[in-house]
Amino acid sequence: MFLGLAVGVALAVSTVPVAAAGNVGSAFLVAQKPAKAPSGFIGLCARYDWVCSATKARGNVTAEHISLAKTINRTVNRQVKEIEDLRQYGKEEHWALPSARGGDCEDLVLLKKKMLVERGVPSDALLIATVLDRKLNSHAVLVMRTKAGDLVLDNLTNKIKPWKETGYTFLKLQNPKSLNRWDAVLAGGVISDRPTASR
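Take 56 as the starting number for the sequence shown in the working numbering and just add one per residue.
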């Protein structure tokens, strides 16, 4: 997953611009510059239009939406069996909704986004993000953008957390104004002091 990503991050971190300080102390992930979409994302908008299309649902994420997200995050994590793309599709990277066999982190992200959009959560408030987890493994999560800040839905924990409390290094994020595009965020984890919160 995200072949060569760790090497790329090491290089990127050494050249993080001063603008990246915009993420320090912020409740929101701040875009630094446009970025190339992850390879698994290529062609995804054509297969699943809800990934990249703005929905009719508009306005801020509500307390009811957050409660729903907690339920969906927990339910999907418990019900979908984890299986790597290489075992399931015979290739390193393939983003898709989980199959009957299960799915990996990106697949669970897609299912959570689909379920939330179908229940009225604005699609531009549900952003796919690529990260390095606390062990510096490549990973993907779903970011829910609320009035109070960015919350993270993660298949590695049933608890939804503010992005700063995950301990993850956030690399790229869907652009909320143009969901078929991505931005580099370069925040948290190895880029700044890690929080001490545990899973």
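From the three backbone atoms N, C-alpha and C, an ideal C-beta is built for every residue, glycine too.
Where the beta strand (DSSP E) through residue i begins and ends
i: A90; result: K88 to A90
i: L187; result: L181 to L187
Secondary structure of residue i, DSSP reduced to three states
i: V245; result: helix
i: W150; result: coil
i: T117; result: coil
i: K216; result: strand
i: A76; result: For A76, the predicted structure reports a pLDDT of 48, less than 50, and the residue's modelled location is therefore unreliable. A value from the coordinates is still provided. Looking at A76 - three-state DSSP - the assignment turns out to be helix.
i: S81; result: coil
i: K125; result: helix
i: G95; result: helix
i: T130; result: helix
Range covered by the alpha helix (DSSP H) that runs through residue i
i: K169; result: C160 to E173
i: V106; result: D104 to C107
i: R142; result: D140 to Y144
Per-residue burial, residue i [other beta carbons within 10 Å of its own, 16 or more giving buried]
i: D209; result: buried
i: A203; result: exposed
Nonlocal neighbours in the same chain, by C-beta distance under 7 Å from residue i, ignoring five residues either side
i: L182; result: V198, R200, L228, Q229 and P231
i: A76; result: Residue confidence is low: A76 scores 48 on pLDDT, short of 50, so the model does not pin down where it sits. Its coordinate-derived value is still stated next. For A76, where only same-chain residues beyond five positions count, there are no Cβ hits under 7 Å.
i: K214; result: none
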